[in-house]
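Down below is the structure, laid out as structure tokens.
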Amino acid sequence: MMASCFGEDLDCISLCKKMMYAYVVLLFAATVCCNADANYIIGTGISDITGPAAEVDMMGYANPAQTTHGIHLRQYSRAFIISDIKNSSRIVFVNTDSCMQSQGLKLEIVKRLKSKYGNLYTERNLCISGTHTHSGPGGFHQYLLYDITSLGFVKESFDALVEGIIMSIDRAHSNQKPGNIYVNSGELLESNINRSPTSYLYNPPEERARYKHDVDKNMTVLKLVDAEEKDIGMISWFAVHCTSMNNTNHLISSDNKGYAEQLFEMNKNGGAFPSFANGKFVAAFAQANEGDVSPNTAGPRCLDTGKPCDSPHSTCNGRNEMCVAFGPGKDMFDSTKIIAETQYKKALELYDSAKTMLTGPVDFRHSYVDMTKVEVQLNATTKVKTCKPAMGYSFAAGTTDGPGAFNFEQGSNSTNPFWNLISSFLKAPTAEQIACHKPKPILLDTGEMSSPYMWEPEIVDVQLLRIGQLALIAVPAEFTTMSGRRTRDAVKKTLVMNGFPADTIPVIAGLSNDYADYVATFEEYQAQRYEAGSTIFGPHTLEAYIQQFEILAEAMAKGTPAAPGPNPPNLLDKQLSFLLPVVFDHAPFGSHYGDVVVDAKPSYKQGDSVVVKFIGANPRNDRKWENTFLTVDMLGPGQNWTTVYTDGQWPTKFEWHSTSMFLGESQATITWDIPADQQIGTYRIQYFGNWKEISGSITTFHGKTKQFKVTSLKDFYKRKLQKSSLKEKIRQNMALTNDILASKFQIPQNVG
């Protein structure tokens, strides 16, 4: 019967497909039956979402001068599909190494998923959350304000995210198996501080007295295993900004959470990274209520004097751009590494010791909410409402992680005649808007500006996901510490009052599905620091969100549907872009693409840095999806080369620089910071690129350095000693001792 299906009989082919499908279903049912102890069906997947590595403004600091010029750590999407054991209800949680999500992005992803899977994955059960790195390419939003510094919409960035996120979901879908999930939580110290501590103090003293710290120090970890208790994946939630890499950085980076993900996956995958194969372990370090939470634990200080900044306004002699937060490392790379390692080590500890098993249903509730029209009943006699979006003066001041320009300052409740005049050219706020947002002084009246299209969202996603005792609160904004605490408490209270177990665990999933700026508490709003100035729906924004999440929680607990709400606009066909395309590349006269400009030296010791340069071409010609612009290769037995590092790993940096914009000439610099424990041997570095002709055709090329040796510290100094005087030998012996101690005890080396 099966043999005849290889002919051209369409009816037979259809019958064979049905038989094959029935066989797969029976096999899956048998697998579930034989794994009766499993509570869930789990799938994991990962894919590359790295966008254009040249000429695109980075999303986060809103600094037009901070454009991409290469890669330090690639960005990835990590997908987790979790169904109940009967496969009757499922959710998808996707964690992306991106600054946030955009509504247009999710709408496009859902549209493509529906064309492939029908109604299996929709806007209702799909949650996409961003880690909030400030070192990824921007231009992927559908609302104008967020794309201004990237010169409008950047299709290259948008496509990279859409395609990579969908691929991670596809891989998770094809990798589902019965399994179990364990939950654990613990305190992680010395990894975050409050960057607006004076705002936090505006919250009621009795409320603050309930908490030991002015930021959340709690990390929650999910341990995902198959039915045989073999590791599948991990998700952690911990509140800290991904701003270890500051606004002077030009290399794409997934920042502290991205490197923590690499460390965890390398630990569980035998040192391999990245690994796109099914069955490999996937680790996500997700974001929580990080709105006022900084990784720069040394705190802010004045660049000119080194003294502490003026605390209420974060200024130095009246200038906000001089007040910058640092630490804990000696530079931004070192700081990124330190905060990544603290998160990784804590997550691993919690993962390995997780004993509490999640049991119970998989469920979800989702609504679209018009946040400009929410009425909130504060008490028996007081009803308030939200406002149309508007940005305050302190929004333009930036934060101590990345100050703004033009000498705006945080904590300002007054306007400036000059900036009032400038903003009025765009749109002067109405008296109603001014009253609604009070005490916020309005700089940009975004909610009443619609030309050339909407500047900020009005309709946003609110979503609640359930996995047994875990309630995941997907918020479409950056909630401050206290905003997140109040939201968690309110959701848990509603769930438990309506029948959920008392041990329900509420977790904030920050920057999910959409981006609607910040959410400060009503009390913090009065201080009008950056987070409050960026709370776009007015002083009662938090109360409105809590009300909506309570509605979802009650519906989930009672088993009733949530109102779908008004559909958001899809503005993708209205997008404007002023980023110039790559016109052409050109190799200087007498040279070829991939030619070595600065070659490797014959020998290096462990801990050294190899820096080489090549004749290059614009990286926007090919973003090297799930590929690489570079390799570090080691010569093995039989004269065979093995790649040991690519452009997405910590020890390497790929930098691109235009040497003549008019002529289209450029160079690529590749740096390999040789680890202190790197295997000694023979190595080379390769560069891979694509050059574009004026006609538009694109051609691949590659270049490689000469071979070079990596020697041990001991051998390096031994050879030098053989050629040295007695005095020099003593000095070199001391240097060797220092290098060995630094390697053994992991004393930080130069990495910048």
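Going by the numbering used here, the sequence shown opens with residue 12, and the numbers climb by one from there. Where is the CB? At the ideal position from N, CA and C, for every residue including glycine. On a predicted model such as this, the values are computed, not experimentally measured, just so you know.
{"Asked": "Through-space distance from L233 to G415, alpha-carbon basis", "Found": "37 angstroms"}
{"Asked": "Spatial distance of T670 from E198 (CA atoms)", "Found": "49 angstroms"}
{"Asked": "Three-way DSSP call (helix, strand, coil) for G774 in this model", "Found": "Any property of residue 774 remains undetermined from this structure, which presents the chain solely from 12 to 763."}
{"Asked": "Residues that Y694 bridges to, as DSSP identifies them", "Found": "M645, F719"}
{"Asked": "Complete alpha helix (DSSP H) runs within the region 57 to 114 (minimum length 4 residues, chain order)", "Found": "none"}
{"Asked": "Straight-line gap, L37 to T61 (C-alpha atoms, nearest Å)", "Found": "Since pLDDT at L37 reaches only 45, below the 50 mark, its modelled position is unreliable, and the value read off the structure follows with that caveat. Spanning the two alpha carbons is a distance of roughly 39 angstroms."}
{"Asked": "Sheet register partners of Q388 (DSSP bridge)", "Found": "K394"}
{"Asked": "Contacts around K624, its chain only, beta-carbon distance under 6 angstroms, and the 5 residues preceding and following it disregarded", "Found": "V608, V609, Q678, T680"}
{"Asked": "Residues of its chain near G371, where Cβ-Cβ distance is below 7 angstroms and the 5 sequence neighbours each way are ignored", "Found": "G479, Q480"}
{"Asked": "Selected residue, minimal CA-CA separation from P468, among L476, P487, E360, L137", "Found": "P487"}
{"Asked": "Whole alpha helix (DSSP H) elements within the region 502 to 551, 4-residue minimum", "Found": "533 to 538, 541 to 544"}
{"Asked": "Inter-residue spacing [alpha-carbon to alpha-carbon] between F719 and N701", "Found": "26 angstroms"}
{"Asked": "Which residues DSSP lists as bridging V607, in chain order", "Found": "F625"}
{"Asked": "A687 versus D726, K117, G317, Q617, residue with shortest Cα-Cα distance", "Found": "Q617"}
{"Asked": "Bridge-paired residues (DSSP) for R376", "Found": "L475"}
{"Asked": "K585 to Y464 span [Cα, whole Å]", "Found": "7 angstroms"}
{"Asked": "Beta-carbon separation (whole angstroms), I484 vs V518, contact threshold 8 angstroms", "Found": "7 angstroms"}
{"Asked": "Short Cβ contact (8 angstroms threshold) for M69 with P148", "Found": "yes"}
{"Asked": "Status (buried if at least 16 other CB within 10 Å, exposed otherwise) for F600", "Found": "exposed"}
{"Asked": "DSSP beta-bridge partners of H11", "Found": "Outside the shown range of the chain, which is 12 to 763, sits residue 11, and nothing can be said about it."}
{"Asked": "Cβ neighbour criterion (16 or more within 10 Å) applied to M672", "Found": "exposed"}
{"Asked": "Beta-ladder partner(s) of T490, from DSSP", "Found": "For the sequence presented, residue 490 should be read as Phe rather than Thr. Looking at the DSSP assignment, F490 forms a beta bridge with V530."}
{"Asked": "8 angstroms Cβ cutoff met for T144 and C253", "Found": "yes"}
{"Asked": "I696, buried or exposed, once every other Cβ within 10 Å from all chains shown has been counted against 16", "Found": "buried"}
{"Asked": "C-beta contact flag for L646 and F699 at 8 angstroms", "Found": "no"}
{"Asked": "Backbone secondary structure at Y362 - three-state DSSP", "Found": "helix"}
{"Asked": "L38 - DSSP class collapsed to helix/strand/coil", "Found": "Residue placement at L38 is poorly supported in this model, since its pLDDT is 45, which falls under 50; the coordinates are not used for a value here."}
{"Asked": "Between the CA atoms of V293 and A76 - distance to the nearest angstrom", "Found": "35 angstroms"}
{"Asked": "Local conformation of T383 per DSSP, three classes", "Found": "coil"}
{"Asked": "Expected contact under 8 angstroms - CB spacing of A288 and F249 to nearest Å", "Found": "About 28 angstroms separates the two Cβ atoms, so there is no contact after all."}
{"Asked": "Test item: CB-CB of Y541 and Y157 under 8 angstroms", "Found": "no"}
{"Asked": "Coil, strand or helix - C447 by DSSP", "Found": "helix"}
{"Asked": "Helix, strand or coil at K234 [DSSP, three-state]", "Found": "strand"}
{"Asked": "Same chain, Cβ closer than 6 angstroms to F104, neighbours up to 5 away in sequence not counted", "Found": "F91, C138"}
{"Asked": "N749 (DSSP reduced to helix, strand or coil)", "Found": "helix"}
{"Asked": "Three-state secondary structure (DSSP) of E198", "Found": "strand"}
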